[in-house]
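Trainee: Numbering (my numbering), first residue to last: 108 to 268.
The beta-carbon is built from N, C-alpha and C at its ideal position, and this holds for glycine as well.
A single structure is presented below for examination.
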């Protein structure tokens, strides 16, 4: 069976993308697809390299049974060849990913919420960083829906599971 690799991308890799990383890892594990799907996340900027996710992201995730232990890292050129999917949290990240992409990149680059069945085309995952705790819960809701849709897509498209 094929191995499919996914990388979620936000700005500093401490709120949105590590939340998606943790949720997707849990979904992959529950579906017994760990041998077939690998998950990672990164940021477009190196503001928080080496840090754990924001405490508010970790708190919201823990309440729902997810563990966010990823350490922040920044997007590197080899990510375009290593991953099948580079999924942007918003259109700003999408633009950066497309601008930095090598001419013949392997990775499929698109908005993460394209996989959220409740989201309109072009929908983003808003940055909760400067808001209150409820913003992190709302982000988690969006992430769960989009991760479910993404896993369904991967299972169908890549014939795994």
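Assuming residue 243 is part of the alpha helix (DSSP H), what are its boundary residues?
Mentor: As a position in the chain shown, residue 243 is number 136, starting the count at 1. From DSSP, the alpha helix (DSSP H) with residue 243 extends over 240-264.
Trainee: If we count the other Cβ atoms within 10 Å of its Cβ and call it buried at 16 or more, is residue 125 buried or exposed?
Mentor: By one-based count along the chain shown, residue 125 stands at place 18. Under this definition residue 125 is a buried residue.
Trainee: With distances taken Cα to Cα, identify the nearest neighbour of residue 171 among 246, 202 and 206.
Mentor: Reading the chain shown from its first residue, position 64 is the one you call residue 171. With distances taken between Cα atoms, residue 171 lies closest to 246.
Trainee: Just verifying my parser: in three-state terms, what is the DSSP assignment at residue 150?
Mentor: Stepping through the chain shown from its first residue, residue 150 is reached at position 43. Three-state DSSP puts residue 150 in a strand.
Trainee: CB residue 137 to CB residue 157, shorter than 8 Å?
Mentor: As a working mapping, residue 137 is identified with position 30 in the chain shown. As a working mapping, residue 157 is identified with position 50 in the chain shown. No, they are not a contact pair.
Trainee: Kindly indicate the opening and closing residues of the beta strand (DSSP E) around residue 188.
Mentor: Counting from 1 along the chain shown, the entry for residue 188 is found at position 81. Not the beta strand (DSSP E): residue 188 falls in the alpha helix (DSSP H), residues 186-189.
Trainee: What would DSSP say about residue 164, mapped onto helix, strand or coil?
Mentor: On the chain shown, position 57 is the one that residue 164 refers to. Residue 164: helix per DSSP, three-state reduction.
Trainee: I'd like the ranges of any beta strand (DSSP E) spanning at least 3 consecutive residues and lying wholly in the region 175-239.
Mentor: 192-195 and 215-218
Trainee: Mapping the DSSP letters down to three states, classify residue 111 as helix, strand or coil.
Mentor: By 1-based counting over the chain shown, the position of residue 111 is 4. Here residue 111 sits in strand by DSSP.
Trainee: Rounded to a whole number of angstroms, what is the C-alpha to C-alpha distance between residue 235 and residue 253?
Mentor: Against the chain shown, residue 235 aligns to sequence position 128. Against the chain shown, residue 253 aligns to sequence position 146. Roughly 17 Å separates the two Cα atoms.
Trainee: May I have the straight-line CA-CA distance separating residue 141 from residue 129, to the nearest angstrom?
Mentor: Within the chain shown, residue 141 is the residue found at index 34, counting from 1. Within the chain shown, residue 129 is the residue found at index 22, counting from 1. Taking the straight line joining both Cα atoms gives about 13 Å.
Trainee: Which one or two residues does DSSP pair with residue 144 in a beta bridge?
Mentor: Residue numbering aside, residue 144 sits at position 37 when the chain shown is read from its first letter. Answer by DSSP bridge pairing, in chain order: 111.
Trainee: Look at the alpha carbon of residue 195 and the alpha carbon of residue 233, and state the distance between them as a whole number of angstroms.
Mentor: Counted from its first residue, the chain shown places residue 195 at position 88. Counted from its first residue, the chain shown places residue 233 at position 126. If you take the alpha carbons of residue 195 and residue 233, they lie about 11 Å apart.
Trainee: Please report the Cβ distance between residue 181 and residue 212, rounded to the nearest whole angstrom; I am assuming they are in contact, meaning their Cβ atoms lie under 8 Å.
Mentor: One-based indexing of the chain shown puts residue 181 at position 74. One-based indexing of the chain shown puts residue 212 at position 105. The beta-carbon separation of residue 181 and residue 212, rounded to 17 Å, does not stay under the 8 Å limit for a contact.
Trainee: Exposed or buried, residue 239, counting other C-beta atoms within 10 Å across all chains shown (16 or more means buried)?
Mentor: Within the chain shown, residue 239 is the residue found at index 132, counting from 1. Label assigned to residue 239: exposed.
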